[in-house]
Amino acid sequence: MTSRPDKASSRDTAPESHEVRQYLSDNPDFLTAHPDLLTELTPPAHHQGDGVLDMQHYMIDRLQKQVVALRSEQQDLIAASRSNMMSQARIHAAVLSLMQARTFEHLIEVVTTDLANQLDVDVVTLCVESDTYTAKVAGTDGVFTIPQGRVDEMLGEDRDIFLREDEFAEHGLFGGASTLVKSSALVRLRINSMGPSAILALGSRDSDRFHPGQGTELLCFLSRVVAQCLKGWLNLPPS
4 MTSRPDKASS RDTAPESHEV RQYLSDNPDF LTAHPDLLTE LTPPAHHQGD
54 GVLDMQHYMI DRLQKQVVAL RSEQQDLIAA SRSNMMSQAR IHAAVLSLMQ
104 ARTFEHLIEV VTTDLANQLD VDVVTLCVES DTYTAKVAGT DGVFTIPQGR
154 VDEMLGEDRD IFLREDEFAE HGLFGGASTL VKSSALVRLR INSMGPSAIL
204 ALGSRDSDRF HPGQGTELLC FLSRVVAQCL KGWLNLPPS
């Protein structure tokens, strides 16, 4: 028959109050290392005489700091949520404009002019690889040719987007606006597997507008819409 531990003997092994007092005295940082215990302790009254630690004040101070930290986190979450909603609204407006283009030329105008206003950036361009590299396409503002292989050089062969802070933006991507650009997003356009590689380049004078680690789902979605619209107007076969 298995005997159960004697409750009395268990109590006998518990430390005496003077032992707890001595331990805390020898380890003054114990409660700092284990702050969760403060929520379980019964605080003393404020007036305990000289030499008595006001635990209630300590606990209130700790809780106040927690409230401040939580409020800060809450404000960060609200700001991030608002920013995300604003970004979604901008992308939706841009997509509608692309879908409403009446001609191929109108589509190019929407991409290189309207999108900059709708996305709150300073410049948007289309850059297409060409074996006859001539930089700006004659008569077409916002459309540039770039050397073959340049897209993979900038983005990497397996990447569809590259966000960067530009100390010196490339003239070949942004033309005369390159001196203004301090951050940019370069997004691959998968128009046709048999055709030349291309990118949608977005530039901003705000150095924090685009940066590594930023969410890219909305920009990648926009690039797919742009590619599909271009493909439709050019009557290209499915990739």
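Just so we're aligned: 174 in the numbering used here is position 171 of the sequence shown, and the numbers increase by one with no gaps anywhere.
C-beta: ideal position from N, C-alpha, C; glycine also.
Apart from the five residues on each side of it in sequence, which residues of its chain come closer than 6 Å, Cβ to Cβ, to residue i?
i: C232; result: L101, L110
i: S210; result: E168, K185, S186
i: T219; result: I164
i: F107; result: W236
Measure the C-alpha to C-alpha separation of residue i and residue j and round it to an integer number of angstroms.
i: V71; j: H37; result: 20 Å
i: C223; j: R93; result: 14 Å
i: V190; j: Q78; result: 31 Å
i: S90; j: L99; result: 14 Å
i: L129; j: G178; result: 11 Å
i: D29; j: P18; result: 15 Å
i: I164; j: L73; result: 34 Å
i: Q25; j: T16; result: 17 Å
i: G198; j: V228; result: 17 Å
i: S207; j: D125; result: 5 Å
i: K234; j: E160; result: 22 Å
i: E156; j: W236; result: 28 Å
i: T135; j: R193; result: 20 Å
i: V23; j: D39; result: 17 Å
i: A180; j: H174; result: 8 Å
i: S20; j: N87; result: 56 Å
i: S196; j: P240; result: 10 Å
i: R85; j: L225; result: 20 Å
i: H60; j: A82; result: 33 Å
i: K68; j: P150; result: 57 Å
i: H95; j: Q103; result: 12 Å
i: F33; j: S75; result: 28 Å
What is the C-beta distance between residue i and residue j, in whole angstroms, given that I count them as a contact (C-beta under 8 Å)?
i: V127; j: A119; result: 5 Å
i: R307; j: F213; result: No answer is possible for residue 307: the residues shown for the chain start at 4 and end at 242.
i: E132; j: A230; result: Going by Cβ atoms, the distance from E132 to A230 rounds to 14 Å, so no, they are not a contact pair.
i: F147; j: L183; result: The Cβ separation is near 16 Å, so there is no contact.
Look up residue i in the DSSP assignment and say whether it is helix, strand or coil.
i: T116; result: helix
i: A17; result: coil
i: P240; result: coil
i: F147; result: strand
i: A104; result: coil
i: L203; result: strand
i: C130; result: strand
i: G218; result: coil
i: M62; result: helix
i: G235; result: helix
i: R212; result: coil
i: L122; result: coil
i: M88; result: helix
i: H37; result: coil
i: S226; result: helix
Only counting the same chain, and skipping five residues up and downstream in sequence, which positions put a Cβ closer than 7 Å to that of residue i?
i: L122; result: R93, A97, L205
i: N238; result: none
i: A188; result: I164, L166, L205, F213, L222
i: D144; result: T115
i: A172; result: S181, V184, S187, G206
i: L27; result: F33
Distance cutoff 8 Å, beta carbons only. Does residue i sit that close to anything in chain D?
i: V98; result: The chain inventory of the structure shown lacks chain D, comprising one protein chain alone.
What does a CB cutoff of less than 8 Å around residue i pick up in its chain, not counting 5 residues either side in sequence?
i: Q217; result: L166
i: D117; result: A97, S100
i: R162; result: R191
Considering only heavy atoms of the ligand GTP, does any lie closer than 7 Å to the CB of residue i?
i: G235; result: Ligands in the displayed structure: none, and consequently the ligand GTP is not present.
For this session: Return the chain-ordered ranges of every alpha helix (DSSP H) run that is complete within the region 153-194 and spans a minimum of 4 residues.
Result: 153-158, 174-177
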